[in-house]
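Accompanying notes for the structure given below.
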Amino acid sequence: MGEEIMYKKYSLLLVLCNLVLLVSFCCLKISERSQYAASPAFQMKLREGMQEEEVSSRLGSMERAESGQRIIDYQVLERQGQTLTEAEFQVLCRIVEAEAGGEDINGRILVANVILNRVQSEAFPNTVEGVVFQKHNGRFQFSPIYDGRYNRVKISEETVEAVERALAGEDYSKGALYFVSRKGAAPDKMRWFDNHLTRLFQYGGHEFFA
(Lines of atoms letter the chains of each structure in order from A; the text may use other names.)
(Lines give C-alpha, C1' and ligand atoms only; values in the text may rest on other atoms or scores of the structure.)
Protein backbone atom coordinates (compact mmCIF):
# COMPACT_ATOMS: atom_id res chain seq x y z
CA MET A 10 0.00 0.00 0.00
CA GLY A 11 2.80 2.42 0.96
CA GLU A 12 4.62 1.82 -2.33
CA GLU A 13 1.43 2.54 -4.32
CA ILE A 14 0.94 5.91 -2.55
CA MET A 15 4.55 6.86 -3.19
CA TYR A 16 4.17 5.99 -6.88
CA LYS A 17 1.07 8.20 -7.23
CA LYS A 18 2.85 11.11 -5.53
CA TYR A 19 5.85 10.69 -7.85
CA SER A 20 3.58 10.61 -10.95
CA LEU A 21 1.75 13.75 -9.83
CA LEU A 22 5.01 15.56 -9.20
CA LEU A 23 6.27 14.60 -12.65
CA VAL A 24 3.12 15.96 -14.32
CA LEU A 25 3.41 19.23 -12.40
CA CYS A 26 7.05 19.61 -13.45
CA ASN A 27 6.15 19.10 -17.10
CA LEU A 28 3.41 21.72 -16.85
CA VAL A 29 5.83 24.22 -15.32
CA LEU A 30 8.34 23.58 -18.13
CA LEU A 31 5.65 23.98 -20.80
CA VAL A 32 4.40 27.28 -19.36
CA SER A 33 7.97 28.57 -19.07
CA PHE A 34 8.68 27.68 -22.71
CA CYS A 35 5.53 29.51 -23.92
CA CYS A 36 6.40 32.60 -21.93
CA LEU A 37 9.91 32.62 -23.39
CA LYS A 38 8.60 32.45 -26.97
CA ILE A 39 6.14 35.29 -26.35
CA SER A 40 8.92 37.39 -24.88
CA GLU A 41 11.18 36.75 -27.88
CA ARG A 42 8.46 37.76 -30.34
CA SER A 43 7.74 40.96 -28.41
CA GLN A 44 11.41 41.91 -28.44
CA TYR A 45 11.62 41.24 -32.18
CA ALA A 46 8.52 43.32 -32.90
CA ALA A 47 10.01 46.19 -30.91
CA SER A 48 13.35 46.03 -32.68
CA PRO A 49 14.30 48.82 -35.14
CA ALA A 50 14.76 46.31 -37.95
CA PHE A 51 11.23 44.97 -37.58
CA GLN A 52 9.72 48.46 -37.41
CA MET A 53 11.67 49.44 -40.51
CA LYS A 54 10.12 46.48 -42.35
CA LEU A 55 6.67 47.67 -41.31
CA ARG A 56 7.36 51.18 -42.56
CA GLU A 57 8.70 49.84 -45.84
CA GLY A 58 5.56 47.75 -46.31
CA MET A 59 3.32 50.74 -45.67
CA GLN A 60 5.32 52.87 -48.07
CA GLU A 61 4.98 50.24 -50.80
CA GLU A 62 1.18 50.22 -50.41
CA GLU A 63 1.08 54.02 -50.44
CA VAL A 64 3.21 54.18 -53.60
CA SER A 65 1.01 51.58 -55.32
CA SER A 66 -2.10 53.59 -54.43
CA ARG A 67 -0.59 56.80 -55.77
CA LEU A 68 0.47 55.11 -58.98
CA GLY A 69 -3.05 53.79 -59.45
CA SER A 70 -4.44 57.31 -59.07
CA MET A 71 -1.94 58.68 -61.59
CA GLU A 72 -2.96 56.03 -64.13
CA ARG A 73 -6.64 56.93 -63.69
CA ALA A 74 -5.85 60.63 -64.00
CA GLU A 75 -4.22 60.05 -67.39
CA SER A 76 -7.57 58.79 -68.71
CA GLY A 77 -9.11 62.24 -68.21
CA GLN A 78 -11.41 61.20 -65.36
CA ARG A 79 -11.95 63.48 -62.38
CA ILE A 80 -10.15 61.87 -59.42
CA ILE A 81 -11.96 62.32 -56.11
CA ASP A 82 -11.22 60.60 -52.79
CA TYR A 83 -14.60 58.85 -52.90
CA GLN A 84 -16.35 57.05 -55.72
CA VAL A 85 -17.64 59.73 -58.07
CA LEU A 86 -21.34 59.70 -58.80
CA GLU A 87 -21.57 56.10 -57.65
CA ARG A 88 -25.36 56.24 -57.39
CA GLN A 89 -25.57 56.83 -61.14
CA GLY A 90 -22.84 54.39 -62.14
CA GLN A 91 -20.80 56.96 -64.04
CA THR A 92 -17.90 59.34 -63.59
CA LEU A 93 -17.25 62.91 -64.66
CA THR A 94 -14.48 64.04 -66.92
CA GLU A 95 -12.47 67.05 -65.79
CA ALA A 96 -14.38 69.19 -68.32
CA GLU A 97 -17.76 68.07 -66.92
CA PHE A 98 -16.59 68.66 -63.37
CA GLN A 99 -15.62 72.23 -64.30
CA VAL A 100 -19.01 72.79 -65.95
CA LEU A 101 -20.79 71.63 -62.79
CA CYS A 102 -18.60 73.81 -60.55
CA ARG A 103 -19.11 76.84 -62.78
CA ILE A 104 -22.92 76.61 -62.90
CA VAL A 105 -23.05 76.06 -59.12
CA GLU A 106 -20.83 79.11 -58.58
CA ALA A 107 -22.95 81.21 -60.95
CA GLU A 108 -26.28 80.14 -59.44
CA ALA A 109 -25.34 79.83 -55.77
CA GLY A 110 -22.07 81.68 -55.21
CA GLY A 111 -23.77 83.78 -52.53
CA GLU A 112 -25.25 80.76 -50.71
CA ASP A 113 -23.68 78.72 -47.91
CA ILE A 114 -22.16 75.27 -48.52
CA ASN A 115 -25.53 73.48 -48.28
CA GLY A 116 -27.13 75.95 -50.68
CA ARG A 117 -24.42 75.15 -53.21
CA ILE A 118 -24.77 71.41 -52.65
CA LEU A 119 -28.51 71.76 -53.34
CA VAL A 120 -27.91 73.37 -56.73
CA ALA A 121 -25.46 70.61 -57.63
CA ASN A 122 -28.07 68.07 -56.45
CA VAL A 123 -30.65 69.49 -58.86
CA ILE A 124 -28.24 69.26 -61.81
CA LEU A 125 -27.42 65.65 -60.93
CA ASN A 126 -31.10 64.82 -60.41
CA ARG A 127 -31.76 66.05 -63.94
CA VAL A 128 -28.94 63.88 -65.27
CA GLN A 129 -30.72 60.90 -63.70
CA SER A 130 -34.17 61.90 -64.93
CA GLU A 131 -35.45 60.63 -68.27
CA ALA A 132 -37.02 64.05 -68.86
CA PHE A 133 -33.62 65.74 -69.23
CA PRO A 134 -30.29 65.07 -71.01
CA ASN A 135 -28.17 62.34 -69.40
CA THR A 136 -24.93 64.32 -69.07
CA VAL A 137 -23.95 67.32 -66.96
CA GLU A 138 -23.09 69.39 -70.02
CA GLY A 139 -26.34 68.42 -71.71
CA VAL A 140 -28.35 69.54 -68.67
CA VAL A 141 -26.48 72.79 -68.09
CA PHE A 142 -26.62 73.93 -71.74
CA GLN A 143 -30.08 72.56 -72.55
CA LYS A 144 -32.48 74.88 -74.38
CA HIS A 145 -36.28 74.81 -74.23
CA ASN A 146 -38.20 76.75 -76.86
CA GLY A 147 -34.92 78.35 -77.86
CA ARG A 148 -34.13 79.54 -74.32
CA PHE A 149 -31.43 78.23 -71.98
CA GLN A 150 -32.71 76.58 -68.81
CA PHE A 151 -30.31 78.39 -66.49
CA SER A 152 -30.10 82.18 -66.47
CA PRO A 153 -26.29 82.38 -65.97
CA ILE A 154 -25.87 80.73 -69.38
CA TYR A 155 -27.84 83.28 -71.38
CA ASP A 156 -26.81 86.38 -69.37
CA GLY A 157 -23.10 85.46 -69.43
CA ARG A 158 -22.50 85.09 -65.68
CA TYR A 159 -21.49 81.49 -66.25
CA ASN A 160 -18.37 82.63 -68.12
CA ARG A 161 -17.46 85.42 -65.70
CA VAL A 162 -17.47 83.65 -62.35
CA LYS A 163 -14.36 82.52 -60.50
CA ILE A 164 -14.85 79.10 -58.97
CA SER A 165 -14.24 79.17 -55.21
CA GLU A 166 -12.85 76.41 -53.02
CA GLU A 167 -16.18 76.24 -51.20
CA THR A 168 -17.97 75.54 -54.48
CA VAL A 169 -15.49 72.80 -55.38
CA GLU A 170 -16.10 71.23 -51.97
CA ALA A 171 -19.86 71.46 -52.43
CA VAL A 172 -19.72 69.78 -55.84
CA GLU A 173 -17.46 67.00 -54.60
CA ARG A 174 -19.78 66.36 -51.65
CA ALA A 175 -22.77 66.23 -53.98
CA LEU A 176 -20.94 63.80 -56.24
CA ALA A 177 -20.15 61.66 -53.20
CA GLY A 178 -23.88 61.31 -52.53
CA GLU A 179 -24.66 64.16 -50.11
CA ASP A 180 -28.19 65.12 -51.15
CA TYR A 181 -30.69 67.47 -49.49
CA SER A 182 -32.84 68.04 -52.58
CA LYS A 183 -35.75 65.62 -51.91
CA GLY A 184 -35.63 64.85 -55.62
CA ALA A 185 -36.00 68.47 -56.79
CA LEU A 186 -35.58 69.07 -60.52
CA TYR A 187 -36.05 72.84 -60.49
CA PHE A 188 -35.00 75.79 -58.37
CA VAL A 189 -35.71 79.49 -58.65
CA SER A 190 -35.06 82.74 -56.83
CA ARG A 191 -38.51 84.26 -56.44
CA LYS A 192 -37.01 87.65 -55.68
CA GLY A 193 -35.16 87.80 -58.99
CA ALA A 194 -37.60 85.93 -61.23
CA ALA A 195 -40.03 87.57 -63.64
CA PRO A 196 -43.70 87.30 -62.55
CA ASP A 197 -44.71 85.15 -65.55
CA LYS A 198 -41.87 82.74 -64.80
CA MET A 199 -42.92 82.41 -61.15
CA ARG A 200 -46.55 81.81 -62.21
CA TRP A 201 -45.35 78.89 -64.34
CA PHE A 202 -43.42 77.43 -61.39
CA ASP A 203 -46.38 77.85 -59.03
CA ASN A 204 -48.98 76.49 -61.46
CA HIS A 205 -47.11 73.61 -63.08
CA LEU A 206 -44.72 72.29 -60.43
CA THR A 207 -44.84 71.01 -56.87
CA ARG A 208 -43.06 73.27 -54.40
CA LEU A 209 -40.89 71.21 -52.05
CA PHE A 210 -39.10 73.68 -49.79
CA GLN A 211 -37.04 76.86 -49.63
CA TYR A 212 -33.41 77.13 -48.64
CA GLY A 213 -31.49 80.39 -48.66
CA GLY A 214 -32.50 82.45 -51.67
CA HIS A 215 -33.86 79.53 -53.69
CA GLU A 216 -37.15 77.67 -53.77
CA PHE A 217 -37.01 74.05 -54.94
CA PHE A 218 -39.65 72.28 -57.03
CA ALA A 219 -40.37 68.87 -58.49
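Here the working numbering is used: the first residue of the sequence shown is 10, the next is one more, and so on. Positions of the beta carbon are idealized from the N, C-alpha and C atoms, including for glycine. Please read these numbers as outputs of a predicted model, since none were measured by experiment.
Only counting the same chain, and skipping five residues up and downstream in sequence, which positions put a Cβ closer than 7 Å to that of residue i?
{"i": "T207", "result": "F218, A219"}
{"i": "E108", "result": "V120, F151, P153"}
{"i": "R191", "result": "M199, E216"}
{"i": "L209", "result": "K183, A185, F217, F218, A219"}
Would residue i pass as a contact of residue j if the rule is Cβ separation under 8 Å?
{"i": "A175", "j": "L93", "result": "no"}
{"i": "V105", "j": "T168", "result": "yes"}
{"i": "E173", "j": "T136", "result": "no"}
{"i": "E166", "j": "V189", "result": "no"}
{"i": "E138", "j": "V100", "result": "yes"}
{"i": "Y181", "j": "I118", "result": "yes"}
In three-state DSSP terms, what is residue i?
{"i": "R158", "result": "helix"}
{"i": "L101", "result": "helix"}
{"i": "E179", "result": "coil"}
{"i": "T207", "result": "coil"}
{"i": "R191", "result": "coil"}
{"i": "E112", "result": "coil"}
{"i": "K163", "result": "coil"}
{"i": "E131", "result": "coil"}
{"i": "T92", "result": "coil"}
{"i": "F202", "result": "helix"}
{"i": "Y212", "result": "strand"}
How long is the line joining the alpha carbons of residue i and residue j, rounded to whole angstroms?
{"i": "N115", "j": "N146", "result": "31 Å"}
{"i": "G111", "j": "C102", "result": "14 Å"}
{"i": "A171", "j": "R200", "result": "30 Å"}
{"i": "K183", "j": "Q211", "result": "12 Å"}
{"i": "G213", "j": "P196", "result": "20 Å"}
{"i": "E131", "j": "L186", "result": "11 Å"}
{"i": "R127", "j": "G193", "result": "23 Å"}
{"i": "H205", "j": "D113", "result": "28 Å"}
{"i": "G9", "j": "G157", "result": "The question about residue 9 has no answer, for the chain in this structure spans 10 to 219."}
{"i": "F202", "j": "I164", "result": "29 Å"}
Can you list, in chain order, the residues of its chain with a C-beta nearer than 8 Å to that of residue i? Leave out the 5 residues immediately preceding and following it.
{"i": "Q143", "result": "F133, P134, F149, Q150"}
{"i": "Y155", "result": "R148, F149"}
In chain order, what residues of the same chain lie with their CB nearer than 6 Å to the CB of residue i, ignoring the 5 residues before and after it?
{"i": "V141", "result": "V100, I104"}
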